[in-house]
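What follows is a short report on a single structure.
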Amino acid sequence: MMRRAAAWACLTMSLAVLTRVSAQQSPTDLMIQSRSQEQPQSSARRIALPSGNPLEVLPVQGSVFMIAGGPSNIAVQVGAEGVLLVDAGTAEMSDKILEAIHAISDRPINYIIDTTPDKDHYGGNEKLGVAGVNPTVAPRGLTGPGSTATENPGGGNNPQSLRPQGAIVFANENLLNRMSAPTGETPIEPFALWPTSTFFTRAKTISFNDEAIEMLHVPSAHTDADVMAFFRKSDVVATGDIINTLQYPFVDHKRGGSIRGVLDALNDVIEITVPRFNQMAGTRVVPGHGRILNEADVVEYRDMMTIIRDRVKLGVDEGKTRQQIKAMRPTLDYDGLYSVPSWTGEMLIDAIYDELRQPAAPATAR
Amino acid sequence: MRRLLVWAGAALLLVASPAAAQMDLSGEWVAHTDEDQPHRVPGAELGDYTGLPINEAARQKADSWDASILSQPEQQAKPHPAQYFMRGPRPDVRWTKIVDPVSGRLMAYTMVGTFGRADRTIWMDGRPHPSEFAEHTYAGFSTGEWVDNGLKVTTTHMKTAFIQRNGVPSSYRAVMTEFFVRHGNNLLMLSIVDDPVYLDEPLVRTQNWVLAEDQHVGPAIPFEIVDELADRPRGWVPHWPLGTTHIEFADRFGLPFEATRGGKASVYPEYMKTIERLTREQPPRPRKEATR
Chain A
0 MMRRAAAWAC LTMSLAVLTR VSAQQSPTDL MIQSRSQEQP QSSARRIALP
50 SGNPLEVLPV QGSVFMIAGG PSNIAVQVGA EGVLLVDAGT AEMSDKILEA
100 IHAISDRPIN YIIDTTPDKD HYGGNEKLGV AGVNPTVAPR GLTGPGSTAT
150 ENPGGGNNPQ SLRPQGAIVF ANENLLNRMS APTGETPIEP FALWPTSTFF
200 TRAKTISFND EAIEMLHVPS AHTDADVMAF FRKSDVVATG DIINTLQYPF
250 VDHKRGGSIR GVLDALNDVI EITVPRFNQM AGTRVVPGHG RILNEADVVE
300 YRDMMTIIRD RVKLGVDEGK TRQQIKAMRP TLDYDGLYSV PSWTGEMLID
350 AIYDELRQPA APATAR
Chain B
0 MRRLLVWAGA ALLLVASPAA AQMDLSGEWV AHTDEDQPHR VPGAELGDYT
50 GLPINEAARQ KADSWDASIL SQPEQQAKPH PAQYFMRGPR PDVRWTKIVD
100 PVSGRLMAYT MVGTFGRADR TIWMDGRPHP SEFAEHTYAG FSTGEWVDNG
150 LKVTTTHMKT AFIQRNGVPS SYRAVMTEFF VRHGNNLLML SIVDDPVYLD
200 EPLVRTQNWV LAEDQHVGPA IPFEIVDELA DRPRGWVPHW PLGTTHIEFA
250 DRFGLPFEAT RGGKASVYPE YMKTIERLTR EQPPRPRKEA TR
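Protein chains in written order, with numbering that gives the first Met the number 0: chain A, 0 to 365; chain B, 0 to 291.
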C-alpha cells in the first residue's frame, strides 16, 4: 500500500515537471518538429522568471536546463527525486539562482557538481547547498513504527549521523586541495565553500532522477581539477570552463592546466557527442560560459585551438622567437570571435609558446 | 553607400511585382543554377575570393582551409548553412504554410530540401528572436514579415560556417536579411549577410527559383559517415600553414593574384580599373590548362 502511494507520488511529481516544461511548446512548434531535423531548437524558448531577475532559464534537452546570464552557466537537472546543479555561480547571485531554479522545479537541491576551482563557478556552494537537502540523510523528525529518530537526522544505519544537512557538493579532489590547506594553515576558501564529497579517480557516477550521470575528471585542461558532467538519458554534457564560447579557452598553467589537456578534453567531448542527423542537434553541450552547443560547434572550437597550436608549434620548430611568432599573427582569423581583454590572442600564443618550450611531460594514462 | 544601394535594390524588387499583397510562397520550387554555375555546382576553386567583401581575418581563415578536413568523420555530414544554402548545387525546395488549426492564422513557413537538410522555419507569428545563449543551428532562427508584396526574412543564430564552399568563413554573429518576391511562377530572393567578424561590408547575392508542379522534395536522407583514412590520429585537423598562397586559380584564369583576394573594393564595377592596373604592373603568369 505504502509502496503504491509512493509510486503515485513520484508519477504525479514527474507529470508536474513535464507539464511545466512541455507547456512551453505550442502546437505549431510540434507540427514543425515533426518535419524538421533541427527546428525549432528547444533553447529558443525561455522560461519566465520574476521581473528584476537578470538570469535566463533555457531548456537544453531532456531533464536539463541552463541558467545563463550570470557570472557562469549553471546546468540544472530536474526530476521527481530533486534537483542537481552543475556549478553554483557566485554567492552574490545565489538568491536569483534559487529563484530561477524554483521556476522549473519545486523539489529540493540534492546535488551540486563543481566543475572548476574558479569562484564564479563554486561561490554559491554554501548558500545553494544550505538551501538544499542531503539525500543520504533521513529527514528530521521522521517517525514511524520502531523509529528512534524523532529529532536527530540520520542515515539508514546511523540515526545519530552528523552528516551535513545540505546538498552534497561533488568535486575532483584537486579542487578541494586548491581551496583548503594543511592543518594549522589558513585555507584559500572558508570551509563552508568546500565540496563535501570528492573523488580522485577518472570518473564517478550516480543515478538521479532516473538518469545515469557521469562525472568525468579531465586531467590538466583549464586547470588540474576540471570535471565534465554527462547526463546519459538527456544526452547533455556540461563541460565547465573547458569550453567558453565567449573567449579562447583559458589555460591556467599555475593551477595545473595545459593546452594539451584542453585539446584532449575537447576531443573527449567530441567522442561523447553524437549528432541526431547530419551534424545537427543530438547531444547538447552546456559550456562554462556562452551559448548552448552541439557537436558541430565543439568541432569548430577544437579545430580553432588545434590550428593555432599547430601554427605556434611550426614557428617554434623553425626556431622562431616569441616575437617573431606573434608577428605572424597566428590568431588573426579567430580574434574577432574569441579575443577578450582579459585573455587575448597574444596571451594564448604566450601560453602555447611557454608550454611547447617546456620539456615534455609524461603522458597521462587515459 | 553600399548599404543604401542594397536597400534601394530591395525596394525596387518589391515595387516591380504585382500589387497583390502577401502573395503566397507555398509550393515546390526548382532552382535556376545557371547563374554563377561554376561556383554553385562544382564549387569555387581554392583561393577564389573574387567579389567577396571579406576582411583580412576571413582571408587568413580561408587560406588555411584544406579540403582534406572534409575527411574528418565529424565534418563529412555537415549540411549547407542558411547563409550559403542558395549557392550550393540544386537547392530545390518546398515552401509549406503552417497554419494554426484553430485561428487559421499563418504561424510559419517551412522551407525544406536544402543540401544536408538544415530545413528552415520562418516564423510569421511575431515571436522574438531567442536569447544570445540559445543554440545556434545550420538553419538559424528566422522571422518573417510582409513588406509590401514581398516577404522580408531576418535570420540570426546561425552556426559558424561558410559563405563559399572553399573555406570562406561566416561567423555565428552574422545576421542575414532576405527578401523573397514572387512574380507569377518565378521566385526571386535577395540575400544580405552582415558579419561583423569576417566581412567589411554586407555580402549581397540573388537567386531565382521557378514553380515546379512536377517536383516533390523527398524525405530527409542522412549522410553516411565512414572511415576515410586509416592513420588519422586523434584530434586530426588538416590545414594549410600560415603564409600559404593559393595561386592556382589566378594562374588558371590569367588574373593578377591580388585580384583574386576579394575585399570590399572588389565588389564594385570600378574594380575593373584596378584589375587593369594590376595586370599592367604584374602581368599574369601564362595561363594553364585546366587539369580536371
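Every residue, glycine too, gets a C-beta built ideally from N, C-alpha and C. Everything numeric in this text was worked out from a predicted model, so none of it was measured.
Using a C-beta cut-off of 8 Å, the stretch 218-234 of chain A makes contact with the stretch 245-260 of chain A, since at least three inter-stretch Cβ pairs fall below that distance. At a cut-off of 8 Å between beta carbons, GLU98/A makes no contact with chain B. Among the CB atoms of chain B, none fall inside 8 Å of the CB of GLN164/A. Per the C-alpha coordinates, the member of LEU175/A, MET92/A, PRO26/A positioned closest to GLY51/A is MET92/A. Chain B has no Cβ within less than 8 Å of the Cβ of SER257/A. Non-local beta-carbon contacts of ARG172/B in its own chain, meaning distances under 8 Å to residues more than five positions away in sequence, involve ASP194, PRO195, VAL196 in chain order.
Within the same chain, and ignoring the five residues on either side of GLN82/B in sequence, the residues whose Cβ sits closer than 7 Å to its Cβ are MET157, ALA160, ILE162, SER169, ALA173, MET175, VAL192. Scanning chain B for C-beta atoms nearer than 7 Å to the C-beta of ARG201/A yields nothing, as the closest lies near 17 Å away.
The continuous alpha helix (DSSP H) containing HIS101/A extends over residues 93-101.
Within the stretch 244-275 of chain A, contact with chain B at the beta-carbon level (separation under 7 Å) is assigned to LEU262, ASN266, ILE269. For ASP250/B, the enclosing alpha helix (DSSP H) begins and ends at 247-252. The C-beta of PRO39/A comes closer than 8 Å to at least one C-beta of chain B. When secondary structure is reduced to three states using DSSP, GLU354/A falls in the helix class. For GLN74/B, the CB contacts under 7 Å within the same chain, skipping 5 residues up- and downstream, are ILE68 in chain order. The Cβ neighbour count for ARG276/B, taken over all protein chains shown within 10 Å, is under 16; the residue is labelled exposed. Close CB contacts of PRO72/B within its chain, under the 6 Å cut and outside five residues either way in sequence, are with ILE224 (chain order).
DSSP lists LYS151/B, LEU189/B as the beta-bridge partner residues of PHE178/B. Judged by beta-carbon spacing, THR89/A lies within the 8 Å limit of PRO70/A, meaning their Cβ atoms are closer than that value. Among the bridge pairs identified by DSSP, ASN208/A is matched with none. Leaving aside the five residues that flank VAL235/A on each side, the residues in its chain whose CB is nearer than 6 Å to its CB run, in chain order, VAL59, GLN60, VAL63, ARG283.
LEU51/B carries a coil assignment under DSSP once its states are collapsed to helix, strand and coil. Of all alpha-carbon atoms in VAL236/B, TYR267/B, THR278/B, ALA264/B, the one lying nearest the alpha-carbon of GLY253/B is that of THR278/B. For PRO26/A, there is no enclosing beta strand (DSSP E); the enclosing alpha helix (DSSP H) covers residues 26-32. The criterion of a C-beta distance shorter than 8 Å is not satisfied by ILE100/A and VAL85/A. Of all residues in the stretch 125-137 of chain A, none is placed with a Cβ closer than 7 Å to any Cβ belonging to chain B.
In this structure, the alpha-carbon of ILE291/A lies about 27 Å from that of GLN59/B. Residues of the stretch 62-75 of chain B whose Cβ lies closer than 8 Å to any Cβ of chain A, in chain order: SER63, ILE68, GLN71, GLU73, GLN74. Here GLU269/B is exposed: its Cβ has fewer than 16 other Cβ atoms, across all protein chains shown, within 10 Å. Residues of chain B whose Cβ lies closer than 8 Å to the Cβ of ILE112/A do not exist, since the nearest Cβ in that chain is about 20 Å away. Taking the beta carbon of VAL298/A as reference, the chain B residues within 8 Å of it are GLN71, GLU73, GLN74, listed in sequence order.
In the DSSP assignment, HIS216/A forms a beta bridge with VAL226/A. Taking 8 Å as the cut-off, the Cβ atoms of ILE212/A and VAL297/A do not count as close. Taken through DSSP and simplified to helix, strand or coil, ASP240/A comes out as strand.
The three-state reading of DSSP puts TYR267/B in coil, since its state is none of H, G, I, E or B.
The C-beta of GLY68/A comes closer than 8 Å to at least one C-beta of chain B. Straight through space, the alpha carbons of LEU51/B and ASP353/A are spaced by roughly 38 Å.
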